[in-house]
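So the sequence shown is numbered by this note's numbering: it starts at 29 and just counts up by one.
Don't be surprised by glycine CBs; every beta carbon is placed ideally from N, CA and C.
Single-structure report; data block below.
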Amino acid sequence: MKRRAKYPCPAALLVLGLLLSGVAHGEGLEERLRAQLRSTTAQLQALQSEQAQASAARQAAESQAREAQAQIKQLTAQLSKAQALNEQLAGHQQNLQSQAQAQVAASNEQIGKFKKAYDELLVLARGKEAERARLEAQLTERDTQVQQCSVKNQQMYEVAKALLHAYETIDVTDIMKIRQPFAAKARVRFEELAQGFGDDLYKNRFDAPQASITH
């Protein structure tokens, strides 16, 4: 029997070709998958990094928010304290203003009283001055009258002295010559009249006061 020459089968070759082609295709697919995996991993890492940054930013924001809230709370407390102090100062200022107004009103009232008293004293002083001037005028007039009376009194006294001297120098013979029948009786009567006239003149003699009057 003759041996047949061993040649590859076309079908086998086809299968082998397909297998080789599949292997080559599988290697390309794996490479693409690896590349996609690397890309996805890089994207995941980037996302994780962004997430970490976002988380850190969120934590920082939360911390800042807490600090802001604490500051707001502190500022609110300070504001409340300032408002209370402001109200207290306003009340104190109002009290001081009220007291000042009361003092001003009392001072004005006191000034009004002083002015009224001053006006009354001024009127009284003017009245006293007018009274003093009137009394001074009266005193001057009195002084003039006293001087006149003193002069007249002195004149009357001198006249009376002259009359008495004339009487004292009359002699009985002169009286007898006038009315002889009634000489003695007339002399007695004349002496009585002359004595009474002299006494009256002396009693009525007015001496001006020598003491000075103090105004």
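Within its chain, find whatever has a CB closer than 7 Å to the CB of residue i; leave out the 5 residues flanking it on each side and keep chain order.
i    : result
D147 : none
For chain C, check one thing: does any of its Cβ atoms lie closer than 8 Å to the Cβ of residue i?
i    : result
D147 : Absence of chain C from the displayed structure is noted, only one protein chain being present.
If you run the structure through DSSP and keep just helix, strand and coil, what is residue i?
i    : result
I241 : Residue placement at I241 is flagged as unreliable, the pLDDT there being 44, under the threshold of 50; the coordinate-derived value follows with that caveat. Coil at I241, not helix or strand.
Ordered along the chain, which non-local residues of its own chain (more than five positions away) have a Cβ less than 6 Å from that of residue i?
i    : result
T242 : Note that T242 scores a pLDDT of 44, beneath 50, so its modelled location is shaky and nothing firm can be said.
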